[in-house]
Amino acid sequence: MANLRELRNRIKSVNSTKKITKAQELIATSRITKAQARVEASLPYAREIRNVVERLASASSLDHPMLRERENGKRAAILVVTSDRGMAGGYNYNVFKKTAELRGLLEDKGYEVVLYVAGNKGIGYYKFRGEDIAGAWSGFSQDPKYQDTHDLRRHLVDAFVAGSVGTAKWREGINGEEGTPVQGFDQLHVVYTEFESMLTQTARAHQLLPMEPVIEIDEVDLGDDGILGSGEDKATSDYEFEPDADTLLEALLPQYVSRGLYAMLLEAAASESASRRNAMKSATDNATALVKDLSRVANQARQAQITQEITEIVGGAGALAESGESD
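Below is the structure:
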């Protein structure tokens, strides 16, 4: 059994660690609320641009590269969204695992896979393993601002439009000499963590480009006699676009994709905070249980020490009494 001093030192050390994990838990809890508020604040714009793109797609005959699978595609890009800091449980591990699965599937199909990484943990993970990273960005995993993610979003959109046979403009964060054009790619996948609830966050792999045009189909009730009902069921009005629908769709599609990518970064930020909160709460609970167990052992050791001291005193007193009687 460890001596009493060692046990007290361990209890003191665990209590110090418990204070840190409890503080991290409270900070993460406050950040979850802010992250969810940012996601909610982005929804009105997302809904409006989606409605506009749906209307334009239904009225346009544009054969945009973002809307069709390329024949003989050779390069596929994966954006891996990780955290800048640790202490988030299995948050980053699940993303790395999902990325490895997706990468294997793409390589089996004959694609050359190009990695782009967001977050210091992902950058360190792949550099430690000697993996080539085409681009890396960090510093915004917990609080992604639209302007801070501009270079990331614009490069991924431009590089896809250029394709594997073309090049895109060099931007901040791209590995390579400044000003040197960067080879494009034919597919873009994003691996991020979806926020489902405070207790559940799931790593997802999503193909962002090429995207399928989303065309809204209005259901019209013809009634029992096959005649259009006169109540709330009305045919959708036609829209006139100026400039023409093709021109507008070509201009809005990159913004639509960029907004979708930013929404994934916001969701990943909320998931990171929730995962960190859960990890820190678990660590705090474990520290509390450990302190309780160590305190019990320390009390037992103290009790044994006191018992031994009493026994020694009684034994000494008995020896003195016997010595006096013999005299």
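For the sequence shown, the working numbering begins at 250 and goes up steadily by one. Yeah, the Cβ is synthetic: ideal placement off N, Cα and C, and Gly gets one too.
- When ARG254, LEU256, ALA277 and GLU303 are compared, the shortest CA-CA separation from ALA494 is found for GLU303.
- According to DSSP, residue pairing for ARG324 in a beta bridge involves GLU361.
- The DSSP-derived three-state label of ARG453 is strand.
- With a 10 Å radius around the Cβ and a threshold of 16 neighbouring Cβ atoms, ASN527 comes out buried.
- Unbroken beta strand (DSSP E) stretches of 3 residues or longer found wholly inside the region 335-386: 361-367 and 384-386, given in chain order.
- Minimum Cα-Cα distance from ASN343 among the listed residues LEU292, GLU350, GLN285 and ALA452 corresponds to ALA452.
- Using a Cβ-Cβ distance cut-off of 8 Å, the region 381-399 and the region 500-516 are in contact, since at least three pairs of beta carbons, one from each stretch, lie closer than that value.
- Around the beta carbon of ASP397, fewer than 16 other beta carbons lie within 10 angstroms, which makes this residue exposed.
- In the pairwise beta carbon analysis, the region 413-424 is classified as not touching the region 533-552: fewer than three pairs are separated by under 8 Å.
- Contact between the region 324-335 and the region 374-389 is present: 3 or more CB-CB pairs across the two stretches fall below 8 Å.
- Between ASP435 and GLY338, the gap from beta carbon to beta carbon reaches 7 Å or more.
- A contact between stretches requires three or more CB pairs, one per stretch, nearer than 8 Å, and the region 264-282 fails this requirement with the region 494-511.
- At the C-beta level, TRP386 and ALA417 stay beyond 7 Å of one another.
- A contact is defined here as three or more CB-CB pairs under 8 Å, and the region 519-535 meets this definition with respect to the region 440-457.
- Around the CB of ALA286, fewer than 16 other CB atoms lie within 10 Å, so the residue is classed as exposed.
- In terms of Cα proximity to HIS399, the closest of GLU571, ILE269, GLN554 and GLY509 is GLY509.
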